[in-house]
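Peer 1:
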Amino acid sequence: MSNLAKQITDVFENCSLAPIVLLDGAWGVGKTHFITHEYSTHSDQDCLLISVLGIQSLQQFHEKLIGRYLSLASESESDTAAKTVSIFSKAVSALGDVTKSSQLIESVSGLVKQSIISKINDVTIIVDDLERIEDGSLASLILGDLYDMCSSESSIKAIVVMNDSKSLVSKSLIEKVICWKFKYEISSENAFDIAFGTLDVSPDIQRFMIKRLDEIQPLNLRVLIRLCDRMKQVSRMLDTMEDEIDVERSKQTLFHTMLYLSFLHHQQDQGLDEIVKQINIICMNNEQDERHPFYKQYIFHNESTSFIEFTLGCLSRPLQDTDLHNLHPKTNELSDFIHAKGLSRYSDEELEVKISALIDYVSNETNPSLSLWYSAVNFLAYLYSLGASNDQRLSNIVNMAQERLEYITPSEERHFHTFSCNSGLPKNIDELRSYFKEKESKDNHTQLIEEIVTSKWIDVDRKAYTHATNRQEPLTLKADDWLDAIGKWDHHDLELFWDFCMEVHRVSSLDHFFGKDNREQLPILLKSQLDSMTPCLRKGLLTRIYNLLSAS
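For the sequence shown, position 8 matches number 81 in the numbering used here, and the numbering has no gaps at all.
(1) Sorted by chain position, which residues of the same chain lie with C-beta nearer than 8 Å to L138's C-beta, five sequence neighbours on each side aside?
(2) Quick one: Cα of S227 to Cα of D221, how far?
(3) Would you mind reading off the limits of the beta strand (DSSP E) that contains V196?
(4) Sort L334, L424, V296, W253 by Cα distance to N463 and report the nearest one.
(5) Alpha carbon to alpha carbon, how far is G140 from A146?
(6) Report the rounded CA-to-CA distance for G127 versus V200, giving the unit in angstroms.
(7) By how many angstroms is the C-alpha of N440 removed from the C-alpha of E524?
(8) Just to confirm, is the Cβ distance from D266 to S308 under 8 Å?
(9) Candidates K254, P291, E207: which alpha carbon is nearest P92's?
(10) Nearest to T326 by CA position, among Q279, L143, D237, is which residue?
(11) Span of the alpha helix (DSSP H) holding K244?
(12) Are the beta-carbon atoms of H106 and L294 separated by less than 8 Å?
(13) With DSSP collapsed to three states, give me the class of I93.
(14) Please state whether DSSP places L272 in a helix, a strand or coil.
(15) Measure the alpha-carbon distance for E546 versus M310 and round it to whole angstroms.
(16) To which residues does DSSP link I232 through a beta bridge?
(17) For a test of the three-state rule: what should DSSP assign to D409, helix, strand or coil?
(18) Within 10 angstroms of its Cβ, does D346 collect 16 or more other Cβ (buried), or is it exposed?
(19) Shortest alpha-carbon distance to V296 belongs to which of G103, S75, G98?
(20) Pull up the CB-CB distance for L334 and T384, whole angstroms please, since I reckon it's below 8 Å.
(21) Once you ignore the five residues that flank F452 on each side, which residues in its own chain have a CB closer than 6 Å to its CB?
(22) Taking Cβ to Cβ, would you say V196 is nearer than 8 Å to I232?
(23) Let's see if you can read the secondary structure: which residues bound the alpha helix (DSSP H) around I428?
(24) Taking R322 and H401 to be in contact with their CB atoms under 8 Å, please state how far apart those CB atoms are, rounded to whole angstroms.
(25) Comparing C-alpha positions only, which one of V349, D208, C223 sits nearest to S240?
(26) Are there 16 or more other CB atoms within 10 angstroms of the CB of M304, so buried, or fewer, so exposed?
(27) Determine the burial state of T330: buried for a count of at least 16 other Cβ atoms within 10 Å of its Cβ, exposed for fewer.
(28) Let me know if I206 comes out buried or exposed under the rule of 16 or more other beta-carbons within 10 Å of its beta-carbon.
(29) Helix, strand or coil for K256? Go by DSSP, reduced to three states.
(30) Hey, which unbroken runs of the alpha helix (DSSP H) at 4 residues or more fall wholly within the region 285-363?
(31) Any idea what DSSP makes of S238, helix, strand or coil?
(32) Please classify S130 as buried or exposed, where buried requires at least 16 other C-beta atoms within 10 Å of its C-beta.
(33) Take R466 and list the residues in its own chain whose beta-carbon comes closer than 6 Å to its own, dropping the five residues that flank it on each side.
(34) Classify H110 as buried or exposed, calling it buried when 16 or more other Cβ atoms lie within 10 Å of its own Cβ.
(35) Just verifying my parser: in three-state terms, what is the DSSP assignment at E513?
(36) Any idea what DSSP makes of D266, helix, strand or coil?
Below you can see the structure in the form of structure tokens.
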């Protein structure tokens with residue numbers, strides 16, 4: 074028995090007033106689930122759960138109560154129950170051919186109904202959804218009726234389950250009738266078990282989703298259970314593409330977006346147009362961003378309207394090829410090299426071999442994955458701009474890509490690399506660079522979240538990244554704090570720092586972030602560490618750290 078169920082039982086056992094308790098909680102938080110799956114199954118008394126949804130009169134409430142009790146009494150061996158069933162049987166014997174139980178109960182007289190109700194004994198009556206009765210006087214009558222039954226010598230107890238903040242019952246009546254009030258809340262772990270228990274995902278995704286549920290308040294189990302049904306469909310769809318995409322990472326990305334959008338749509342009452350409008354709002358550094366915090370997260374940046382519509386859970390159409398650029402292609406050695414954050418682990422010779430393999434893929438592969446092909450072209454052009462390779466073919470990568478674009482034909486299969494000519498992807502190298510410059514920023518943004526917080530930055534990392542992404546007030550970290558942290562970094566950490574500086578430069582201001590005094594001291598230490606790098610990286614990628622920080 075849960076702790077809350079024990080507390081309710083304890084109140085009933087030690088209550089000197091009418092034993093009626095109120096179980097209060099937000100809509101959809103799981104109050105009914107708690108009653109049916111935790112309290113009722115461990116209660117010493119039989120429980121009669123009565124939902125008052127749709128009830129228009131006190132008579133209808135009585136009929137529902139009698140129906141529940143007769144069903145229970147017919148299975149009981151007690152003398153009281155037997156007498157109750159006998160009274161009802163005699164009352165309906167002269168009514169003719171009435172076949173439905175609801176019609177039988179409606180057909181008996183009011184005196185018979187009151188006689189049956191008076192025989193109810195040794196049960197816990199649970200009235201659910203009382204706040205959904207729009208007639209406040211009817212809700213008060215039902216509550217008063219419960220009070221009369223629980224005040225008698227019949228060993229009747231009652232639990233009123235409702236969202237008290239939405240109830241039309243007066244506070245004075247609540248104070249008179251209710252002997253104790255409990256507030257029901259649910260943890261993210263329990264919410265996941267209840268709502269997503271049938272979703273077949275890995276333990277890593279389970280932990281990831283539970284963390285996301287921590288960010289969603291209040292939790293609404295009905296919304297989450299409906300969302301789970303959509304996620305099952307999406308999960309099955311992604312499982313069929315395991316040869317083309319990283320299914321695990323793709324599920325995590327898509328489920329993350331679906332959780333947030335479902336919350337905004339169903340619990341914040343925002344429609345598709347409003348959500349798209351909020352996502353596309355761009356706030357300047359000096360402007361106050363009044364949107365919901367979810368809109369400020371990377372996950373919503375630059376998504377297409379059609380993909381937003383899909384992830385809302387509508388599933389009015391299948392996942393399209395143009396949606397799939399939001400997911401993760403299956404990695405191989407080439408893609409690992411393109412997205413590597415630790416390029417310093419490669420020697421000059423190894424780097425040249427990798428670059429040569431990329432050039433061969435871009436220029437010679439007859440049936441390339443277009444996602445990988447676009448990424449390779451962009452990355453090679455990027456390396457050429459850094460002067461990071463001695464491969465003579467690198468200088469011609471732009472012309473080579475333009476020629477190849479005319480001959481690459483997408484596959485007709487529904488794979489990750491299947492893009493149509495009308496997909497909106499770049500048709501020439503200038504559009505290509507612009508497209509991937511934007512996409513690269515998004516990709517870096519996600520990877521930085523994962524990598525920076527696990528680096529050796531100690532006290533610096535979380536404060537710094539929070540500042541850069543949320544445009545908070547300037548950091549109070551002194552230059553000595555930065556120098557002490559940077560002094561402990563290896564080559565990989567310095568590369569992360571370069572990426573981080575680019576992010577800061579993109580979303581904020583380096584002067585605003587580091588402070589002018591710090592900007593003068595940081596390059597001194599950085600330059601001494603850059604001297605230990607391989608010549609290729611020293612003259613290319615990592616020298617950008619020094620140039621970026623020392624720029625005016």
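Glycine included, every Cβ here is placed at the ideal spot set by N, Cα and C.
Model, not experiment: these values are computed from the prediction.
Peer 2: Reading from the atomic positions:
(1) Along the sequence shown, one-based indexing puts residue 138 at 65. Excluding residues within five positions, the ones whose Cβ falls inside 8 Å are L121, I123, I190, I193, I198.
(2) Taking the sequence shown and counting its residues from 1, the one referred to as residue 227 is at position 154. Taking the sequence shown and counting its residues from 1, the one referred to as residue 221 is at position 148. C-alpha separation (whole angstroms): 11 Å.
(3) Counted from its first residue, the sequence shown places residue 196 at position 123. Segment 196-201, the beta strand (DSSP E) holding V196.
(4) Translated into the one-based positions of the sequence shown, residue 463 becomes position 390. Considering only alpha carbons, the answer is L424.
(5) Taking the sequence shown and counting its residues from 1, one reaches residue 140 at position 67. Taking the sequence shown and counting its residues from 1, one reaches residue 146 at position 73. Across the structure, G140 and A146 are spaced so that their CA atoms are roughly 10 Å apart.
(6) As a first step, residue 127 is located in the sequence shown; it is residue number 54 there, counting from the start. As a first step, residue 200 is located in the sequence shown; it is residue number 127 there, counting from the start. Distance between the alpha carbons of G127 and V200 is about 13 Å.
(7) Working through the sequence shown from its first residue, we reach residue 524 at position 451. Working through the sequence shown from its first residue, we reach residue 440 at position 367. Legend: pLDDT at E524 = 46, less than 50; position of this residue unreliable, no value from coordinates given.
(8) Here residue 266 corresponds to residue number 193 of the sequence shown, with the count starting at 1. Here residue 308 corresponds to residue number 235 of the sequence shown, with the count starting at 1. Result no, Cβ atoms of D266 and S308 do not sit closer than 8 Å.
(9) Residue numbering aside, residue 92 sits at position 19 when the sequence shown is read from its first letter. If we check each option's Cα against that of P92, K254 comes out closest.
(10) In the sequence shown, counting from the first residue as 1, residue 326 sits at position 253. It is Q279.
(11) Translated into the one-based positions of the sequence shown, residue 244 becomes position 171. Run containing K244: 244-250, per the alpha helix (DSSP H) assignment.
(12) In the sequence shown, the residue the question calls residue 106 occupies position 33. In the sequence shown, the residue the question calls residue 294 occupies position 221. Cβ atoms of H106 and L294: closer than 8 Å.
(13) Position 20 of the sequence shown holds residue 93. Collapsing the DSSP output to three states places I93 in a strand.
(14) Taking the sequence shown and counting its residues from 1, the one referred to as residue 272 is at position 199. Coil at L272, not helix or strand.
(15) Numbered from 1 along the sequence shown, position 473 holds the residue referred to as residue 546. Numbered from 1 along the sequence shown, position 237 holds the residue referred to as residue 310. Legend: pLDDT at E546 = 46, less than 50; position of this residue unreliable, no value from coordinates given.
(16) Start at 1 with the first residue of the sequence shown, and residue 232 comes out as number 159. Partner(s): V94, I199.
(17) Counted from its first residue, the sequence shown places residue 409 at position 336. Helix at D409.
(18) Here the question's residue 346 lines up with position 273 in the sequence shown. Exposed is the call here.
(19) The residue given as residue 296 occupies position 223 in the sequence shown. The candidate whose alpha carbon is nearest that of V296 is G103.
(20) Numbered from 1 along the sequence shown, position 261 holds the residue referred to as residue 334. Numbered from 1 along the sequence shown, position 311 holds the residue referred to as residue 384. In this structure, L334 and T384 form a Cβ contact; the two beta carbons are roughly 5 Å apart against a cut-off of 8 Å.
(21) As a first step, residue 452 is located in the sequence shown; it is residue number 379 there, counting from the start. The answer, listed in chain order, is I411.
(22) For the purposes of this step, residue 196 is taken as residue 123 along the sequence shown, with counting starting at 1. For the purposes of this step, residue 232 is taken as residue 159 along the sequence shown, with counting starting at 1. For V196 and I232, no; Cβs fall outside 8 Å.
(23) Taking the sequence shown and counting its residues from 1, the one referred to as residue 428 is at position 355. Start and end: 421-437.
(24) Along the sequence shown, read from residue 1 onward, the residue named residue 322 stands at position 249. Along the sequence shown, read from residue 1 onward, the residue named residue 401 stands at position 328. Rounded, the Cβ-Cβ distance is 4 Å, consistent with contact.
(25) The residue given as residue 240 occupies position 167 in the sequence shown. The option with the nearest alpha carbon to S240 is D208.
(26) Mapped onto the sequence shown, residue 304 falls at position 231. Counting the other Cβ atoms within 10 Å of the Cβ of M304 gives 16 or more, which makes it buried.
(27) To locate residue 330, count along the sequence shown from 1; it is residue 257. Label assigned to T330: buried.
(28) Position 133 of the sequence shown holds residue 206. In this structure I206 is buried. Its beta-carbon is surrounded by 16 or more other beta-carbon atoms within 10 angstroms.
(29) Translated into the one-based positions of the sequence shown, residue 256 becomes position 183. Three-state result, K256: strand.
(30) 294-312, 320-335, 345-353
(31) The residue you call residue 238 lines up with position 165 of the sequence shown. It is helical.
(32) Here residue 130 corresponds to residue number 57 of the sequence shown, with the count starting at 1. Label assigned to S130: exposed.
(33) Here residue 466 refers to the residue found at position 393 of the sequence shown. Non-local beta-carbon contacts of R466 in its own chain, meaning distances under 6 Å to residues more than five positions away in sequence, involve I432 in chain order.
(34) The residue given as residue 110 occupies position 37 in the sequence shown. Using a 10 angstroms sphere on the CB of H110, the tally of other CB atoms stays under 16, which defines it as exposed.
(35) The residue you call residue 513 lines up with position 440 of the sequence shown. Model confidence at E513 stands at a pLDDT of 46, short of 50, so the residue's coordinates are unreliable; what they give is reported in the following sentence. Note: E513 maps to helix in three-state DSSP.
(36) The sequence position of residue 266 within the sequence shown is 193, counting from 1. Note: D266 maps to helix in three-state DSSP.
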